[in-house]
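Visitor:
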Amino acid sequence: MPSSSSSSPNNYSTKILASILFAILLILCAGAGYGEAQLSPTFYDKDCPNATSIVRAVIEEALQTDLRIAASLTRLFFHDCFVNGCDGSILLDNSSTIDSEKGALPNNNSARGFDVVDNIKTALETACPGIVSCADILAISAEESVSLSGGPSWTVLLGRRDSTTANRTAANEALPAPSFTLDELKASFAAVGLDTTDLVALSGAHTFGRAQCQFFSDRLYAFNSTGSPDPTLNSTYLETLSALCPQSGNGSVLADLDPSTPDGFDADYFSNLQVHYGLLQSDQELFSTSGADTVDIINSYSANQSAFFESFVISMNKMGNISLLTGTDGEIRLNCSKVNEDTYGSSATLIAEY
């Protein structure tokens with residue numbers, strides 16, 4: 001089993017602070033098309049000053065009975081931002097006008113944590129009705145989930161607004177598949193303005209959470225239709241996974257994405273890749289693709305957890321600013337699973353616009 005990565009040197013706090021300041025500067029100075037300059041870490045200070053602490057309290061309670069929830073909430077933010085931007089569209093249920101992204105192949109019977117988001121929204125609506133968007137709930141939840149799991153904490157820029165529609169087709173097309181090659185992964189990230197460093201850093205979120213057997217079983221038995229296992233799989237790890245996920249077995253059985261520290265946020269994910277313990281093909285591709293420029297990044301993160309944390313913070317801020325709705329665009333949903341008109345009728349828009 002791969003050994004755990006060591007934590008940061010004495011200048012850890014200084015580096016994280018510098019990375020956060022750099023990320024904020026990058027966002028505020030970026031070009032048009034993202035709307036970053038309209039976001040602010042103090043966006044809710046006047047109308048809902050306890051927003052972040054309310055989100056954290058609900059997640060802390062959820063973690064008491066579900067250690068997976070931190071990874072699940074972080075994944076929701078990723079899956080939201082990659083589909084038409086960080087607008088809370090992944091939270092919408094099917095309706096007469098909504099083709100829910102929850103039914104897309106990457107999300108169906110896989111994306112989870114919607115109940116916790118609903119609990120957060122209920123708590124926020126009690127404290128400050130019609131103020132905090134569902135899109136911002138996802139952004140705050142991701143940061144709090146990472147922090148509560150031992151990862152870095154960062155200042156979340158706020159002020160996103162919620163979409164009034166969803167796009168299942170776009171979800172099927174935009175979200176990276178677990179079988180993607182490195183070239184396909186790079187193309188998927190580039191399509192939303194993220195580069196190779198972002199790809200590796202954000203893939204590091206697979207340091208916690210689970211994946212179903214159905215998303216990697218082909219690596220165990222018929223990789224690329226060869227009838228043989230993926231040659232990049234560590235032989236001992238292959239035996240372990242084959243016992244957990246027998247051929248023609250239950251595809252919904254769960255495996256740890258990080259067999260070393262499955263519920264902790266650390267750099268072990270990268271150490272695992274170095275010894276071919278990547279669970280998903282899309283994970284191991286980052287290290288095992290011949291001549292890949294991602295290898296040096298992985299080696300850097302494995303050797304220095306602080307470097308990973310710094311990059312992760314910057315990439316999360318960058319991802320969190322994809323194709324935003326701000327100002328008067330969209331709405332502030334009163335129920336994260338429904339647009340306001342479907343929730344309370346046309347008057348709901350006025351309630352959430354003051």
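Residues 1 to 354 in the UniProt record's numbering are what the sequence shown spells out, letter by letter. Beta carbons are placed, not taken as given, at the ideal position from N, Cα and C, and that holds for glycine. Since we're looking at a predicted model, the values are computed, not measured.
(1) Give me the Cβ distance between C336 and V132, rounded to the nearest whole Å; I'm assuming they're in contact under 8 Å.
(2) Once the 5 residues before and after H79 are set aside, which same chain residues still bring their CB inside 8 Å of it?
(3) For the segment 60-72 against the segment 203-216, do three or more pairs of beta-carbon atoms, one drawn from each stretch, fall closer than 8 Å, so that the two count as touching?
(4) Beta-carbon separation of F308 and A267 under 8 Å?
(5) Select from L334, G320, T181, D342 the residue whose C-alpha is nearest the C-alpha of S40.
(6) For a minimum of 4 consecutive residues, which ranges assigned as the alpha helix (DSSP H) are wholly contained in the segment 74-145?
(7) Take A166 as the anchor and find which of F312, D218, T97 has the nearest alpha-carbon.
(8) Note the first and the last residue of the continuous alpha helix (DSSP H) segment covering L244.
(9) DSSP puts S40 in a beta bridge; with which residues?
(10) Just to confirm my understanding: we take T164, look at its own chain, exclude 5 residues before and 5 after, and list those with CB closer than 7 Å. What are they?
(11) Between which residues of its own chain and G35 is the CB-CB distance below 6 Å, once the five residues before and five after are set aside?
(12) Give the straight-line distance between the Cα atoms of D342 and D93, rounded to the nearest whole angstrom.
(13) Count the other CB atoms, across all protein chains shown, that sit within 10 Å of the CB of T42; report buried if there are 16 or more and exposed otherwise.
(14) Are at least three pairs of beta-carbons, each pair with one atom in the segment 218-234 and one in the segment 253-267, less than 8 Å apart?
(15) Can you tell me whether L280 is helix, strand or coil according to DSSP?
(16) If K186 sits next to T196, beta carbons under 8 Å apart, how far is it from one beta carbon to the other, in whole angstroms?
(17) Please determine, among F180, A142, T328, T126, the residue with the shortest C-alpha to C-alpha distance to R68.
(18) Between the alpha carbons of L350 and G151, how many angstroms are there, rounded?
(19) Under a three-way DSSP split, which group does K338 fall into?
(20) What separation, rounded to the nearest whole angstrom, lies between the Cα atoms of L124 and P246?
(21) Give the range of the alpha helix (DSSP H) segment to which L175 is assigned.
Guide: Taking the geometry as given:
(1) About 10 Å separates the two Cβ atoms, so there is no contact after all.
(2) I90, E101, P106, N107, A111, A171, L175
(3) yes
(4) yes
(5) G320
(6) 114-127
(7) T97
(8) 235-244
(9) DSSP lists L158 as partners of S40.
(10) G330, E331, V339
(11) Residue placement at G35 cannot be trusted, given a pLDDT of 48 that sits under 50; what the coordinates show is reported in the next sentence. Only L324, T326 meet the Cβ criterion.
(12) 11 Å
(13) Flag for T42 reads exposed.
(14) no
(15) coil
(16) Correct: roughly 6 Å between the Cβ atoms.
(17) The shortest Cα separation from R68 among F180, A142, T328, T126 belongs to A142.
(18) Low confidence applies here, because L350 scores a pLDDT of 41, under 50, leaving its location unreliable and the question unanswered by this model.
(19) strand
(20) 44 Å
(21) Where L175 is concerned, there is no enclosing alpha helix (DSSP H), given that its DSSP letter is neither H nor E.
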